[in-house]
Amino acid sequence: MRASEEQLRGLMISGLDGDAGDHAALLRLLAPLLRGFYRRRANGCEDDIEDLVQETLIAVHTRRATYDRDRVFTAWLFAIARYKMIDHFRRSRRLQPIEDFEDVLIAEGFEDASGARMDIDDLLETLPDKQARMIRATRIEGLSVAEAAQADGIGESDVKVSVHRGLKSLMMRIQGGGR
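Taking full-length UniProt numbering, the leading residue of the sequence shown gets 1, the next gets one more, and so forth.
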C-alpha cells in the first residue's frame, strides 16, 4: 500500500518532534517510494538504484531539520532525490537527460530575464487542488497515470485531463496570460 502525502508528512513532523518510532516508520515507507522513483529515471542496474535509495534515506535523516513543516513533504523529498540522482550520474560519468519539471513550466527566456527561479510549490498552489495533486503525482513523483488514478481513487482519463488543464493554466500564467 502506498502512503499518502498526509501520512508521510505526519510521520515526518512526529519524528521531528522526537518520536523515533514514527521516524523509523517514515524511512521504511520511503524506501519503496524512492525505488520506484529511481527505477523510472535511472535506467541503471539494481545496485545503482539501491545505492541511490540509501543515499537519499541518509540525506532525509541527516537533513530533516531543514524540512519546513508548512510545506509539502514529498516535494522536499523528491528535491533531495533529484539532487542525489544528478550527483550519482556525475560521479559515474553517466550523465543522462533527466526530466526536469521546471523546464515544462518556465517560458523560454523567463529565467534569464528575471534572474530568478520559480518555486514550483507556490506555483502549483495557484491551481485547483486536483490539478495540482495530479501534476505532482505524474510529473514530479513520476507515477504513471494508472498509479496516480488508483492512488487518488479517480479514473485515468480524469488524471490526464487534470494534468493537461493544470499545465495549460500554468503555462498561461508564466507567459503572462493568466492571473
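We treat Cβ as the ideally placed atom computed from N, Cα and C, and that holds for glycine. As the structure is a prediction and not an experimental result, all values here were calculated from the model.
For residue 66, the secondary structure class from DSSP, reduced to helix, strand or coil, is helix. In this structure, the alpha-carbon of residue 171 lies about 38 Å from that of residue 47. In this structure, the beta-carbon distance from residue 5 to residue 78 does not fall below 8 Å. Secondary structure of residue 32 (DSSP, three-state): helix. Residues 52 of the same chain have their beta carbon placed closer than 6 Å to that of residue 88, with the five preceding and five following residues left out of the count.
When secondary structure is reduced to three states using DSSP, residue 173 falls in the helix class. Nearest neighbour of residue 25 by Cα position, chosen from 35, 9, 65, 158, turns out to be 9. Annotation: residue 70 to residue 122 spans about 12 Å, alpha carbon to alpha carbon. The C-beta of residue 141 has 16 or more other C-beta atoms within 10 Å across all chains shown, which makes the residue buried.
In this structure, residue 30 lies near residue 57, with their beta-carbon atoms less than 8 Å apart.
Ranked by Cα distance from residue 135, the first of 151, 155, 154, 164 is 164. Between the alpha carbons of residue 32 and residue 125 lies a gap of roughly 27 Å.
Going by C-alpha positions, residue 82 is about 9 Å away from residue 38.
Nearest Cα to residue 128 within the set 168, 156, 13: 168.
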